[in-house]
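Residue numbers (my numbering), protein chains in the order written: chain B, 52 to 205; chain V, 45 to 329.
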Ligand SMILES: Cc1cc2nc3c(=O)[nH]c(=O)nc-3n(C[C@H](O)[C@H](O)[C@H](O)COP(=O)(O)OP(=O)(O)OC[C@H]3O[C@@H](n4cnc5c(N)ncnc54)[C@H](O)[C@@H]3O)c2cc1C
Ligand code: FES
Ligand code: FES
């Protein structure tokens, strides 16, 4: 076991991890932040997407120890208690959530997109969420949710 | 247990020293987008990983006179965002943009893409067309190799990540280049065919050097030398471009793939994509 220090959703953590533990497993098993989902475990579905030092990454591919001193944002870090984050509100208002399995990762990809590009075109939205599979919505509602956020503070 | 130790180092010297201490039982890791999956699947075995991601000295994209230098740890996203590459090495810029997904481009590196040695690796195809050389260091010294020499077979590189580190790629800034790719869908998938071309055309419209790279049509990223010969020292014309593309179609040896198209289809697509890439390279500078 090795010591790992990092910041998750604004809180500083010190945990003991196995050298080959992934960031995904650490978040879910040690910090019990189970909002981040495990889908394919090989970079192909985006369900495990978190924001690491400002960038969307597949947490299933990142060794936990690679996140030493990193700042991580997971879906749990978006809402303030019962008050949802504007992206979450927009997803609900547009019907962009069905089974919900893709939603945490999808929302973090959207957050990373809007942080860099507050008024994306439809093509840029599609590109921004191209690393996240959704088997329910057909993506249309998700794109509409993101469009409804254009220019708003997220 | 997939690996017993994970070391994050801050300098090349530190990395080389650790690799030496493990004497073949460790391996460098960059973004891990290939290696972590291979280790999870037990396709590879290592005792320890030496992570290069924190070595800032391996992350740069710069022009140095008539050459462009790229640090091997530069991510696909960094390449895709570089104005210098879009202007001076469009093939590489477009290739980096085509890789995987935003998440993969944020951590996957150009060095990892080359050493992983897939015949369709997007930046490998672009760098091969651009005539890139790779600088490789180990505790015993440094060598510079033309890219062709690094590819030995599918997934097999002449770089040994248990003791060697690719530090940079170097290529001329004077080519007009272009890149084309066909895949089942835009994101996430390795291409059915990808092609990159780099042309040096003089004031008299004579092609002084043509370089054409195609994947995946062989066990390694493929140079279409016969097609290049049709363009070399000739006046560039639409007819020549079409002839060169037809020649490339004959000299490649693609496989039938249930997933990514029959050999016949791939051959036909090479002609289409190569014509497009050549036209694109001729028009833009
Ligand atoms: C979902 C998904 C989609 C993908 N899509 C594409 C795609 O469209 N096109 C494409 O080309 N690839 C694609 N890939 C493959 C992969 O992302 C790229 O090959 C990437 O560039 C690998 O870089 P890395 O830094 O992650 O390498 P790593 O996984 O860290 O390393 C790969 C190999 O190179 C060695 N290595 C890494 N850096 C060095 C170095 N500096 N010196 C010596 N050895 C080194 C490692 O030991 C390892 O053997 C995809 C992967 C996934 C998971
Ligand atoms: S679980 Fe990480 S991408 Fe699918
Ligand atoms: S809502 Fe079910 S996978 Fe997207």
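Ideal placement from N, C-alpha and C gives every residue a C-beta, glycine not left out. The structure displayed is predicted, hence computed values, not measured ones.
For this session: On a CA-only basis, which of V:302, V:270, V:79, V:203 is nearest residue 186 (chain V)? Give me that one, please.
Result: V:203
For this session: Can you check the stretch 57–83 of chain V for any beta strand (DSSP E) of at least 3 residues that lies completely inside it and give the ranges in chain order?
Result: 70–73
Exercise. For residue 188 (chain V), is the classification buried or exposed, using 16 other Cβ atoms within 10 angstroms of its Cβ as the cut-off for buried?
Worked result: exposed
Exercise. Looking only at C-alpha atoms, which of V:172, V:260, V:147 sits nearest to residue 307 (chain V)?
Worked result: V:260
Exercise. Hey, would you say the C-beta of residue 100 (chain B) is under 8 Å away from at least one heavy atom of ligand 3?
Worked result: no
Exercise. Beta carbon of residue 228 (chain V), beta carbon of residue 304 (chain V): below 9 Å?
Worked result: yes
Problem set entry | Where residue 171 (chain B) meets chain V, residues with beta-carbon distance less than 8 Å | Residues of chain V passing the Cβ test: none, with the nearest at roughly 12 Å.
For this session: With DSSP as the reference, label residue 329 (chain V) as helix, strand or coil.
Result: Reliability fails at residue 329 (chain V), whose pLDDT of 45 lies under 50, so the model's placement of it is uncertain and the value that follows must be treated cautiously. Three-state DSSP puts residue 329 (chain V) in coil, outside helix and strand.
Exercise. Taking Cβ-Cβ distances shorter than 8 Å, what residues in chain V pair up with residue 97 (chain B)?
Worked result: 145, 147
Problem set entry | Inter-residue Cα distance where the pair is residue 199 (chain V) and residue 191 (chain B) | 38 Å
Problem set entry | Chain-ordered residues of the stretch 100–124 of chain B with a beta carbon less than 9 Å from chain V | 100, 103, 106, 107, 108, 109, 111, 112, 113, 114, 115, 116, 117, 119
For this session: Return helix, strand or coil for residue 127 (chain B), following the three-state DSSP convention.
Result: helix
Problem set entry | CB-CB length for residue 116 (chain B) against residue 50 (chain V), believed under 8 Å | 4 Å
For this session: For residue 53 (chain B), decide whether its Cβ has a neighbour in chain V, counting only Cβ atoms nearer than 9 Å.
Result: yes
Exercise. So, are the CB atoms of residue 143 (chain V) and residue 160 (chain V) less than 9 Å apart?
Worked result: no
For this session: Return the chain-ordered ranges of every alpha helix (DSSP H) run that is complete within the stretch 262–309 of chain V and spans a minimum of 4 residues.
Result: 269–275, 282–295
Problem set entry | Cβ-Cβ distance between residue 120 (chain B) and residue 72 (chain B) below 9 Å | no
Problem set entry | Alpha-carbon spacing of residue 74 (chain V) relative to residue 127 (chain V), whole angstroms | 24 Å
Problem set entry | Supposed close pair residue 202 (chain B), residue 170 (chain B) - CB separation, criterion 8 Å | 5 Å
For this session: Out of V:124, V:163, V:78, state which residue places its alpha-carbon closest to the alpha-carbon of residue 264 (chain V).
Result: V:163
Exercise. Is residue 155 (chain B) close to chain V, meaning its C-beta is less than 9 Å from at least one C-beta of that chain?
Worked result: no
For this session: Can you give me, in chain order, the residues of the stretch 109–132 of chain V that have a beta carbon less than 7 Å from any beta carbon in chain B?
Result: none
Problem set entry | Pocket of ligand 3 (residues with CB nearer than 5 Å to any heavy atom), chain order | B:149, B:150, B:152, B:153, B:185, B:186, B:187
Exercise. Does the stretch 182–196 of chain B come within contact of the stretch 58–75 of chain V, defined as at least 3 CB pairs closer than 8 Å?
Worked result: no
Exercise. Among B:68, B:131, B:84, B:87, which has the Cα closest to the Cα of residue 205 (chain B)?
Worked result: B:131
Exercise. How about residue 46 (chain V): is its Cβ closer than 8 Å to a heavy atom in ligand 1?
Worked result: no
Exercise. Can you find a C-beta in chain B that's less than 9 Å from the C-beta of residue 50 (chain V)?
Worked result: yes
Problem set entry | Reduced DSSP secondary structure (H/G/I, E/B, other) of residue 45 (chain V) | coil
Problem set entry | Cα-Cα separation, residue 68 (chain B) to residue 153 (chain B) | 26 Å
Problem set entry | Neighbour list for residue 76 (chain V) in chain B, Cβ cutoff strictly below 9 Å | 112, 113, 114, 117
For this session: Please state if the CB of residue 75 (chain B) and the CB of residue 59 (chain B) are separated by a distance shorter than 9 Å.
Result: no
For this session: Drop a sphere of 10 angstroms on the beta-carbon of residue 329 (chain V), count the other beta-carbons inside from all chains shown, and report buried for 16 or more, exposed for fewer.
Result: In this prediction, residue 329 (chain V) has a pLDDT of 45, which is less than 50 and means its spatial position is unreliable; what the coordinates show is noted afterwards. Under this definition residue 329 (chain V) is an exposed residue.
Exercise. Along the chain, where does the alpha helix (DSSP H) that runs through residue 167 (chain B) open and close?
Worked result: 154–167
Exercise. Is any beta-carbon of chain V found at less than 9 Å from that of residue 200 (chain B)?
Worked result: no
Exercise. For a contact meaning CB atoms closer than 7 Å, what does residue 230 (chain V) contact in chain B?
Worked result: 181
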